[in-house]
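Here's the structure we're looking at; comments come further down.
Number of protein chains: 2
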Amino acid sequence: MSFEQKIKSLYLDGPQKYVEHLSIDCVIFGFHQNELKILLLQPRYASEWALPGGFINRQEDIDDAANRVLTERTGLKKIYLQQFHTFGSPARSTKKINEHFLKNVGIKASKSWMFDRFVSVGYYALVDFTKVQPVKDIFSEACEWFNIHNIPPLILDHEIIFRYALNHLQLQLNYYPIGYNLLPKKFTMPELQKLYETILDRQLDRRNFHRKIMASGILKKLNETKKGVAHKAPYYYNFDLNKYRQSTVRGLGFDV
Amino acid sequence: MSFEQKIKSLYLDGPQKYVEHLSIDCVIFGFHQNELKILLLQPRYASEWALPGGFINRQEDIDDAANRVLTERTGLKKIYLQQFHTFGSPARSTKKINEHFLKNVGIKASKSWMFDRFVSVGYYALVDFTKVQPVKDIFSEACEWFNIHNIPPLILDHEIIFRYALNHLQLQLNYYPIGYNLLPKKFTMPELQKLYETILDRQLDRRNFHRKIMASGILKKLNETKKGVAHKAPYYYNFDLNKYRQSTVRGLGFDV
DNA sequence: TATCATTGCGTTAATATGACACAATGATAA
DNA sequence: TTATCATTGTGTCATATTAACGCAATGATA
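Sequences listed follow chains A and B, in order.
Take any residue in the first sequence, note its place counting from 1, add 764, and you have its number in our numbering.
Take any residue in the second sequence, note its place counting from 1, add 764, and you have its number in our numbering.
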């Protein structure tokens, strides 16, 4: 199917395949070089960026739909995924953006389910940055990582959605261990600490962090140090998956 | 408009007024006689009960829709309301229940938006039990309070929705003060403690509870004791609304 | 007037937390 | 080869928080 055919089919016959008025938006977090990043798409013919999103197949669970979107954008399967909020302002319509897009593509459509209001279910995902191969969708001309402190202007209420996701992630940090999904198999203590600091957006005491995280029992110290590093070489650690999954960790007392 | 007309209009012309495939479900919590209760509806011609719910007007914010549903069922306005999760299994269809209902009412409708799959946004509300006047909706023949430990069989996934709401409320207790919406203007310390114990489903030490809750500064002790009570009369308290609203209280350290 | 379950206020020991000290490490540069 | 030095691993200590429990005051009831 040609690009034009795909677009036409989506705009005109979408309701045969998808649930109308409903969409998914995903905030995909990755951690790289001590920076927390999210994956954004740039829609064609638009100046603003957008969160990766998609629609829900008529016979599909919304969680599955979110997983599908994620796999499509990152190439990863079995991703850590968490629903956090549903956004349902009546102003949530991409009518203008869609019309602008269609005009540029050269397709005429006076009516479309895509012009309607959409209620969007927000999910956030934690992924291993190094394993992601960003893939743009049919509407987009770019798919890139952005540091969470340097987000470009976003369409609609996508910035609000992102803020909600980040806040949810920060609160989550108090109740569940995090890192398994964001870090490589083995990592150093300073790396893990940086991850926590980046998410919480504040400094933590190195020594107290070590004590707390070890007391939770979710880490196993490996008999191996990082090579080729200036100064004292830190040990590698990995997660004890059994304990990791059991532990609600009762947070680590890290408040936002 | 007659009952039959209303039903016909809803089933056949609903999409003109409401957003298809989308609904609201509300878990309405009330506290009475040291018991935490929720408000349930019994749909006509059905053996199982249901959470109060409704649809979203085409130009209505979903939060407003939830507020509307709540006001309709309880008569209360400006209720404490919190979105907690969205339920989107493709199995969420009330087709059979609807067909059974229509058959009993004597209305024929082979097709209806009401037979479709619904994605439902879950809200929970905290209300002052003593001020609620339960009002049943058009589908129902009863609207009653049930102790959360004695819930009758519920339709669809409504029990799961209730469990999610309760869990969310329990977690909330760690971060925000609760009680203003669930208790009368003035109340005693044992009453407040019972509320916390009921929500958390475990006993708390009377003296430690007193100390913690007073340390948070959200209570004002009134110069008045409860009358007509056996044994030592407890003092009345009320909430210091300013401090109540400011305080995230950093929980009271009450974990689930 | 004595009883007694309940309330209000207090104490203490155990534990958790925050702030900081210091030696060990090992690549880098003199 | 050796000194330098930023960084890591581990420990200490004062303070704050928490859990567990004691005891006198209250006031309706017997």
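All C-beta atoms, glycine included, are put in the ideal place defined by N, C-alpha and C.
Can you list, in chain order, the residues of its chain with a C-beta nearer than 7 angstroms to that of residue i? Leave out the 5 residues immediately preceding and following it.
i                 : result
Glu824 (chain B)  : none
Lys990 (chain A)  : Thr952, Ala997, Pro998 and Tyr1000
Arg822 (chain A)  : Lys781, Tyr782 and Val783
Pro954 (chain B)  : Pro998
Ile925 (chain A)  : Asp789, Val791, Leu815, Phe851 and Gly886
Ser766 (chain A)  : none
Lys900 (chain A)  : Leu805, Ala906 and Cys907
Arg881 (chain B)  : His785, Pro854, Arg856 and Ser857
Leu968 (chain B)  : Gln957, Tyr960 and Glu961
Ala1022 (chain B) : No information on residue 1022 (chain B) is available, as it lies outside the stretch 765 to 1020 that chain B covers here.
Which residues in the same chain have their Cβ closer than 6 angstroms to the Cβ of residue i, if we skip the five residues on either side of it in sequence?
i                 : result
Ala855 (chain B)  : none
Lys868 (chain A)  : The displayed chain sequence assigns Asn, not Lys, to residue 868 (chain A). Within the same chain, Asn868 (chain A) has close Cβ partners Tyr809.
Lys985 (chain A)  : Tyr999 and Tyr1001
Pro916 (chain B)  : Trp813
Gly981 (chain B)  : Lys1007
Gln846 (chain A)  : Tyr888
Gln962 (chain B)  : It is worth fixing the name first, because residue 962 (chain B) is Thr in this sequence and not Gln. Taken in chain order, the residues that qualify are Leu800.
Leu1005 (chain A) : none
Pro779 (chain A)  : Trp877
Phe988 (chain A)  : The question names Phe, yet the displayed sequence has Glu at residue 988 (chain A). For Glu988 (chain A), where only same-chain residues beyond five positions count, the Cβ hits under 6 angstroms are Tyr1000.
Report back the beta-carbon spacing between residue i and residue j to the nearest angstrom; my notes put them in contact at under 8 angstroms.
i                 : j                : result
Gln1037 (chain B) : Arg966 (chain B) : The shown model of chain B, from 765 to 1020, leaves out residue 1037 (chain B), and the question about it has no answer.
Thr858 (chain A)  : Val885 (chain B) : About 20 angstroms separates the two Cβ atoms, so there is no contact after all.
Asn945 (chain A)  : Tyr844 (chain A) : 4 angstroms
Leu947 (chain A)  : Phe793 (chain A) : Wrong, their Cβ atoms sit about 12 angstroms apart, outside the cutoff.
Gln936 (chain B)  : Ile942 (chain B) : 7 angstroms
Leu840 (chain A)  : Lys895 (chain A) : 6 angstroms
Tyr960 (chain B)  : Phe848 (chain B) : Incorrect: roughly 19 angstroms between the Cβ atoms, too far for contact.
Ile902 (chain A)  : Lys772 (chain A) : 12 angstroms between Cβ atoms; not a contact.
Thr838 (chain B)  : Gln797 (chain B) : Not a contact, Cβ separation roughly 18 angstroms.
Ile977 (chain A)  : Val883 (chain B) : Not confirmed; about 39 angstroms, so no contact.
Ser753 (chain A)  : Asp777 (chain A) : Chain A is shown only over 765 to 1020; residue 753 (chain A) falls outside these bounds and no answer can be derived.
Got a sec? Which residues, its chain only, sit under 8 angstroms from residue i by beta carbon, not counting five neighbours each side?
i                : result
Asn862 (chain B) : Tyr775, Ser876, Met878 and Phe879
Ile919 (chain A) : Pro807, Ala810, Glu812, Trp813, Ala814, Thr858 and Ile861
Phe865 (chain B) : Pro807, Arg808, Tyr809, Ala810 and Phe903
*With a cut-off of 8 angstroms, do at least 3 Cβ pairs link the segment 816-831 of chain A to the segment 783-795 of chain A?*
Counting Cβ pairs under 8 angstroms, three or more are found: they touch.
*Can you give, in chain order, each stretch of the beta strand (DSSP E) that sits fully within the segment 820-884 of chain B and has at least 3 residues?*
The beta strand (DSSP E) runs lying completely inside the segment 820-884 of chain B and spanning 3 residues or more are 844-851, given in chain order.
*According to a CB-to-CB cut-off of less than 9 angstroms, which residues of the segment 851-872 of chain B neighbour chain A?*
Phe851, Gly852, Ser853, Pro854 and Ala855
*Could you list the residues in the segment 770-788 of chain B with a C-beta less than 8 angstroms from some C-beta on chain A, going in chain order?*
From the segment 770-788 of chain B, only Val783, Glu784, His785 and Leu786 have a Cβ closer than 8 angstroms to chain A.
*asked:* Quick check on the DSSP output: what are the complete beta strand (DSSP E) runs of length 3 or more inside the segment 901-943 of chain B, in order along the chain?
replied: 904-911
*Cβ-based contacts, 7 angstroms cut-off: residues of the segment 980-1012 of chain B near chain A*: none
*asked:* Count Cβ pairs between the segment 799-814 of chain B and the segment 899-911 of chain B that sit closer than 8 angstroms; are there 3 or more?
replied: yes
*Touch check for the segment 880-897 of chain A and the segment 828-839 of chain A: three-plus C-beta pairs under 8 angstroms?*
yes
*asked:* Which runs of the beta strand (DSSP E) at least 3 residues long sit entirely within the segment 971-1007 of chain A? Give them in chain order.
replied: 983-989 and 999-1003
*Cβ-based contacts, 9 angstroms cut-off: residues of the segment 963-974 of chain B near chain A*: none
*Residue ranges of each beta strand (DSSP E) within the segment 780-813 of chain A, 3 or longer*: 786-796 and 799-807
*In chain order, what residues of the segment 807-826 of chain B put their CB closer than 9 angstroms to some CB of chain A?*
Here the close residues are Ile820, Asn821, Arg822, Gln823, Glu824, Asp825 and Ile826.
*Select from the segment 830-854 of chain B all residues with a C-beta closer than 7 angstroms to any C-beta belonging to chain A, and list them in chain order.*
Gln847, His849, Thr850, Gly852, Ser853 and Pro854
*Note down, in chain order, all residues in the segment 874-905 of chain A with a beta-carbon under 8 angstroms from any beta-carbon belonging to chain B.*
Against chain B - using a Cβ distance shorter than 8 angstroms - the residues of the segment 874-905 of chain A are Arg881, Val883 and Val885.
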